[in-house]
Each structure stands twice: as structure tokens, then as C-alpha cells.
Amino acid sequence: MKTFQVPTREQVSPAVQGIFDHMQSAMGMVPNLYATVGYSENALTSYLAFQQAQAKGSFSTKEREAVFLAVSQVNGCDYCLAAHTVLAKMNGFTEADTLDLRAGTSADAKLRVLTQLAASITATHGRPEAQLLENFFAQGYTEKALVDLVALVADKTLTNYLHNITHIPVDFPAAPALSTVAA
Amino acid sequence: MATLGILTREQAPAAAQPTYDGLQKMVGFMPNLYATFAHSARALNGSIAWAETLRKGELNGQEAEAIFLAASEANNCFYCVSAHTQMGLGFGLTEEQTLALRQQTSTDPKLNAVATLARDVVESRGFPSRANIEAFFAQGYSKAALVELIGFVALNTFNNYVEHLDGTPIDWPLAQRLPTTAEG
Chain A
1 MKTFQVPTRE QVSPAVQGIF DHMQSAMGMV PNLYATVGYS ENALTSYLAF QQAQAKGSFS
61 TKEREAVFLA VSQVNGCDYC LAAHTVLAKM NGFTEADTLD LRAGTSADAK LRVLTQLAAS
121 ITATHGRPEA QLLENFFAQG YTEKALVDLV ALVADKTLTN YLHNITHIPV DFPAAPALST
181 VAA
Chain B
184 MATLGILTRE QAPAAAQPTY DGLQKMVGFM PNLYATFAHS ARALNGSIAW AETLRKGELN
244 GQEAEAIFLA ASEANNCFYC VSAHTQMGLG FGLTEEQTLA LRQQTSTDPK LNAVATLARD
304 VVESRGFPSR ANIEAFFAQG YSKAALVELI GFVALNTFNN YVEHLDGTPI DWPLAQRLPT
364 TAEG
């Protein structure tokens, strides 16, 4: 069986090398999981384009990080939980906040509703409880936001599943365990 | 009851309207599911671009449809199964082959390895069996192809889940029901 390793620079195409250079200067690192997507130039470029479009979509950076934490919790991706805990803290959440977002117990009503729906969509493969949809719209979110929320779930599905399959090393500080949450 | 609803070209945001024209030309009609995505022009246009770029990667049209069929069957998305049956026929698959790919009983060893792994990835949330990963690589597929398979599965998640939220009316010739196919 091929074991997955993070590709070396020589193992990726020149276009992917350019993306790595850009990440290095923008983030100070090339995260191992993005580097692994880089085995395929088409997979990496199409994924980043989809993600960057959603960065200008219905949700703020904090809302997106909340969704990514909730989805990664359901899918059991330790890499993504570690990375998004760091990103969430960079965007104004405390570590305690990140645990609440993963558990769907945020004290912020909008974020609580958002993370509960994101987790339910993920856990049910797209058939969330009707009450969670009602709660979402009651918070003022629109139909456009619901479509964008599913887009964020799909975005995170790629990285969650890729890490679950490859188990490449986690190059972020490990996220705290969340023992109180049912998967 | 539809949570989202199908938008006409005139109801859709301006940035989505050229996509209606493009799909009308390419597919011959604007599929209801895309007209549902259109609530968000970014998600509509972004998901189409995602698919177009993945389709230029290592996996050919039949392999891509094998993934879409197996993953949509796993998610019980009969709209998507019907649509991808038609696309599969367009890429030269027979109807019997599309049925076999939905059940992972294809006699084509490469397509069967692709469909089997795709279904396992969906059902296990990214923790497929080692045997199914080995079978995929044993057919000569590369690590890039595996990454692209996961890309297709993730993209398909968007299609299947929006469909489930809305119970989108099927505007494709209906695929055959399998004994295991749930309604919806």
C-alpha cells in the first residue's frame, strides 16, 4: 500500500510550486494538507478558487471558521480541528469559544444556530432537522446563505476526507479534545 | 416543501444569469438543481468551475461519472443519479454499466475500483477500508487521482445536499430504481 506523505517540492507541478510560494509568504507556511492536495494541480487550483469565492460569500470570517469547526468535528478530522482552532483564535475567538462552536453550544445565538445546522447537514448527509432550518432563517439568514452554507460544508468535506484517508502529520498545535460531544 | 425553490433566469441574481444561458446551450435546458444553486451566484458558478477543472485532471469522463453515480447512490440522491446516468451515457457508458457502478458490480475493473472507493469514502466519512484504497492503486491510479476522487466526492456533496434540502423535481429521464434506492 502506498503510504501518503506530504509531497516534496519536486513532486508537484511548477504551477503548484508557485501556489506554495504564495502560501509561504502569505501564511508563513505551506500547510501539510494543502501541500497534499497539491499532488493534483487541478484539485488544488479548483479547490482554492471555490474557497476564495466563498470568502466573499454570505458569511463573515468568524462565521466560516465556526462552520469549519462544526463540520470537522462531525467528520472527525483532527488536522482540520487543529488548523481551524488556530485560525479561529486568529479571528477573535477564544479556545473556549472554539469548543462551544464544535459542540453547538455557543452563547452567541447566531453562531449556535449556524453551527448546529452545519453539523446536522454533515451528520445527516444533507437531511437536517426542519427545526434547525427554521432557526437558521429566524436568525435572518437567507436562501442564498443556505446555499453558501452547503458550499462551505462541501469545501470542508474535501479536507476532512483527505486527511482522514492520508493521515499526514498535523502541523498545527493539536486542538483540545471534546469529550462531551456525541459524534 | 421546497426550502429554497427553483429560480427562473429573471429571478436569479445577475451574476448567475449568464450561467443559465451557458447551460441552456450546453445541456439543452437549465437543470432544476442548478436553478436552485442560483440563489447564490458564487456557489452556482463556483461549483461548475470546480467540476470543470477537476474534469481536466487525471480521471476521464467515465471515471468521473462512476464517482458521481456511486457517491450519489450512497447519499440517496435520485435526482443526481438520474442526471449522472444521462451524463454517463454521454460519455459512452451503457445503462447496464451505470446500474452496475451504482451497485459496485461493474465488470470493468478500473471503473469498479473507482466506484467502490468513492462509495466507501462517502459512507465512512473519509475512512475507507485499506483494501479499497489498495484496489484503487492496484489499477494504476496515482496519488493525484486519489486527491481528485476526493475532490469529486466533496463537490458531489454540495449537489446531493442542496437537492436533499429542496426535494428538487427531477427534470432528467428517470434512472432505474434499485431495490436499495430510497425515495428522494
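Chains A and B are the protein sequences, given in the same order. For the first sequence, the working numbering assigns the number 1 to the initial residue and increments by one for each residue that follows. For the second sequence, the working numbering assigns the number 184 to the initial residue and increments by one for each residue that follows. Positions of the beta carbon are idealized from the N, C-alpha and C atoms, including for glycine. Since this is a predicted model, take the numbers as computed values, not measurements.
Using a C-beta to C-beta distance shorter than 7 Å, which residues of chain B count as neighbours of tyrosine 39 of chain A? Here residue 39 of chain A is taken as the residue at index 39 of the first sequence, counted from 1. Lys326, Ala327, Val330, listed in chain order.
Closer than 9 Å, Cβ to Cβ, to anything on chain A: give me those residues from the segment 342 to 353 of chain B, in chain order. Asn342, Asn343, Tyr344, Val345, Glu346, His347, Leu348
Buried or exposed by the 16-neighbour rule on C-beta atoms within 10 Å, applied to proline 352 of chain B: Residue 352 of chain B sits at position 169 when you count from the first residue of the second sequence. Per the 10 Å Cβ criterion, exposed.
Please report the straight-line C-alpha distance between phenylalanine 172 of chain A and tyrosine 79 of chain A, rounded to a whole angstrom. Counting from 1 along the first sequence, the entry for residue 172 of chain A is found at position 172. Counting from 1 along the first sequence, the entry for residue 79 of chain A is found at position 79. In a straight line, the C-alpha of phenylalanine 172 of chain A is about 8 Å away from that of tyrosine 79 of chain A.
Length of the line joining the Cα atoms of isoleucine 189 of chain B and leucine 348 of chain B: Position 6 of the second sequence holds residue 189 of chain B. Position 165 of the second sequence holds residue 348 of chain B. Answer to the nearest angstrom: the Cα atoms are 12 Å apart.
Of all the CB atoms in chain A, is at least one closer than 9 Å to the CB of serine 223 of chain B? As a first step, residue 223 of chain B must be located in the second sequence, where it is residue number 40. So yes, serine 223 of chain B belongs to the interface.
Members of the segment 50 to 66 of chain A that neighbour chain B once the beta carbon cut-off is set at 8 Å: Phe50, Ala53, Gln54, Lys56, Gly57, Ser58
Which of the residues in the segment 221 to 249 of chain B, read from start to end, lie with their CB under 9 Å from any CB of chain A? Ala221, His222, Ser223, Ala224, Arg225, Ala226, Leu227, Asn228, Gly229, Ser230, Ala232, Trp233, Ala234, Glu235, Thr236, Leu237, Arg238, Lys239, Gly240, Glu241
Straight-line CA distance for lysine 89 of chain A to leucine 357 of chain B? For the purposes of this step, residue 89 of chain A is taken as the residue at position 89 of the first sequence. For the purposes of this step, residue 357 of chain B is taken as the residue at position 174 of the second sequence. Lysine 89 of chain A and leucine 357 of chain B: Cα-Cα distance of roughly 48 Å.
Cβ-Cβ distance between leucine 186 of chain A and phenylalanine 93 of chain A below 9 Å: Outside the shown range of chain A, which is 1 to 183, sits residue 186 of chain A, and nothing can be said about it.
Taking only beta-carbon atoms, is lysine 89 of chain A less than 9 Å away from chain B? Along the first sequence, read from residue 1 onward, the residue named residue 89 of chain A stands at position 89. Cβ-Cβ to chain B under 9 Å: no for lysine 89 of chain A.
Measuring only between beta-carbons, confirm whether isoleucine 333 of chain B sits less than 9 Å from chain A. Counting from 1 along the second sequence, the entry for residue 333 of chain B is found at position 150. So yes, isoleucine 333 of chain B belongs to the interface.
Can you say whether threonine 142 of chain A is buried or exposed, counting buried as having 16 or more other CB atoms within 10 angstroms of its CB? For the purposes of this step, residue 142 of chain A is taken as the residue at position 142 of the first sequence. Looking at its Cβ environment, which holds fewer than 16 other Cβ atoms inside 10 Å, threonine 142 of chain A is exposed.
For arginine 9 of chain A, would you say it is in contact with chain B, using Cβ-to-Cβ distances shorter than 9 Å as the test? On the first sequence, position 9 is the one that residue 9 of chain A refers to. Judged by the 9 Å Cβ criterion, arginine 9 of chain A is not in contact with chain B.
Inter-residue Cα distance where the pair is tyrosine 199 of chain B and asparagine 215 of chain B: If you number the second sequence from 1, residue 199 of chain B lands on position 16. If you number the second sequence from 1, residue 215 of chain B lands on position 32. Note that residue 199 of chain B is alanine in the sequence shown, not tyrosine. Their backbone Cα atoms lie some 14 Å apart in a straight line.
Can you give me, in chain order, the residues of the segment 138 to 160 of chain A that have a beta carbon less than 9 Å from any beta carbon in chain B? Thr142, Glu143, Lys144, Ala145, Leu146, Val147, Asp148, Val150, Ala151, Val153, Ala154, Asp155, Lys156, Thr157, Leu158, Thr159, Asn160
DSSP on aspartate 148 of chain A, reduced to helix/strand/coil? As a first step, residue 148 of chain A must be located in the first sequence, where it is residue number 148. Of the three classes helix, strand and coil, the one that applies to aspartate 148 of chain A here is helix, per DSSP.
From B:Met209, B:Ser312, B:Thr219, pick the residue whose C-alpha is nearest to that of leucine 187 of chain B; which is it? As a working mapping, residue 187 of chain B is identified with position 4 in the second sequence. If we check each option's Cα against that of leucine 187 of chain B, B:Thr219 comes out closest.
Pull up the distance between the alpha-carbon of glutamate 10 of chain A and that of glycine 28 of chain A, whole angstroms please. Looking up residue 10 of chain A in the first sequence gives position 10. Looking up residue 28 of chain A in the first sequence gives position 28. Whole-angstrom Cα-Cα distance: 20 Å.
Close-in-space but distant-in-sequence residues of the same chain around serine 289 of chain B (CB under 8 Å, 5 per side omitted): For the purposes of this step, residue 289 of chain B is identified with residue 106 of the second sequence, where counting begins at 1. Excluding sequence neighbours, serine 289 of chain B sits near Ala249, Gln280, Ala283, Asn295, Ala298.
Let me check understanding here. Comparing Cα to Cα, which of A:Gln73, A:Tyr39, A:Val30 lies closest to threonine 166 of chain A? Taking the first residue of the first sequence as 1, we reach residue 166 of chain A at position 166. Among A:Gln73, A:Tyr39, A:Val30, the Cα nearest to that of threonine 166 of chain A belongs to A:Tyr39.
How should glutamate 331 of chain B be labelled, buried or exposed, when 16 other C-beta atoms within 10 angstroms of its C-beta is the threshold for buried? On the second sequence, residue 331 of chain B is found 148 positions in, with the first residue counted as 1. Buried: at least 16 other Cβ atoms inside 10 Å.
Quick check for students: name the residue ranges of the alpha helix (DSSP H) that lie wholly in the segment 261 to 343 of chain B, counting only runs of 4 or more. 261 to 273, 278 to 286, 292 to 307, 313 to 321
Let's test the definition: count the other Cβ atoms within 10 Å of the Cβ of phenylalanine 341 of chain B and tell me whether it reaches 16, buried, or not, exposed. Position 158 of the second sequence, counted from the first residue, corresponds to residue 341 of chain B. Result: buried.
Closest by C-alpha distance to valine 16 of chain A, when choosing among A:Pro31, A:Thr105, A:Leu33, A:Thr45: Here residue 16 of chain A corresponds to residue number 16 of the first sequence, with the count starting at 1. Checked all of A:Pro31, A:Thr105, A:Leu33, A:Thr45; the closest Cα to valine 16 of chain A is A:Thr45.
List the whole-angstrom C-beta distance separating asparagine 32 of chain A from leucine 237 of chain B, where the pair is believed to meet the contact cut-off of C-beta under 8 Å. Start at 1 with the first residue of the first sequence, and residue 32 of chain A comes out as number 32. Start at 1 with the first residue of the second sequence, and residue 237 of chain B comes out as number 54. Contact doesn't hold; Cβ gap of about 22 Å is too wide.
Residue range of the unbroken alpha helix (DSSP H) whose run includes cysteine 80 of chain A: Residue numbering aside, residue 80 of chain A sits at position 80 when the first sequence is read from its first letter. Per DSSP, cysteine 80 of chain A belongs to the alpha helix (DSSP H) from 78 to 90.
Are leucine 114 of chain A and phenylalanine 50 of chain A touching if we call contact CB-CB under 9 Å? On the first sequence, position 114 is the one that residue 114 of chain A refers to. On the first sequence, position 50 is the one that residue 50 of chain A refers to. No; because the gap between Cβ atoms is not below 9 Å, this pair is not in contact.
For leucine 59 of chain A, which of helix, strand or coil comes out of DSSP? Counted from its first residue, the first sequence places residue 59 of chain A at position 59. Correcting the residue type first, residue 59 of chain A is phenylalanine in the shown sequence and not leucine. Phenylalanine 59 of chain A falls in the coil class under three-state DSSP.
Leucine 87 of chain A versus tyrosine 47 of chain A: straight-line alpha-carbon distance, rounded: Counting from one through the first sequence, the residue named residue 87 of chain A turns up at place 87. Counting from one through the first sequence, the residue named residue 47 of chain A turns up at place 47. Approximately 19 Å, taken between the alpha carbons.
Given a threshold of 16 other Cβ atoms within 10 Å of its Cβ, counted over all protein chains shown, does glutamine 73 of chain A qualify as buried or as exposed? Here residue 73 of chain A refers to the residue found at position 73 of the first sequence. That one is buried.
DSSP three-state assignment for methionine 209 of chain B, whether helix, strand or coil: Translated into positions along the second sequence, residue 209 of chain B becomes position 26. Three-state result, methionine 209 of chain B: helix.
Between lysine 208 of chain B and arginine 192 of chain B, what straight-line distance do the alpha-carbon atoms span, to the nearest angstrom? Position 25 of the second sequence, counted from the first residue, corresponds to residue 208 of chain B. Position 9 of the second sequence, counted from the first residue, corresponds to residue 192 of chain B. Their Cα atoms are separated by approximately 14 Å.
According to the Cβ coordinates, are serine 223 of chain B and lysine 56 of chain A closer than 9 Å? Looking up residue 223 of chain B in the second sequence gives position 40. Looking up residue 56 of chain A in the first sequence gives position 56. Not closer than 9 Å, so no.
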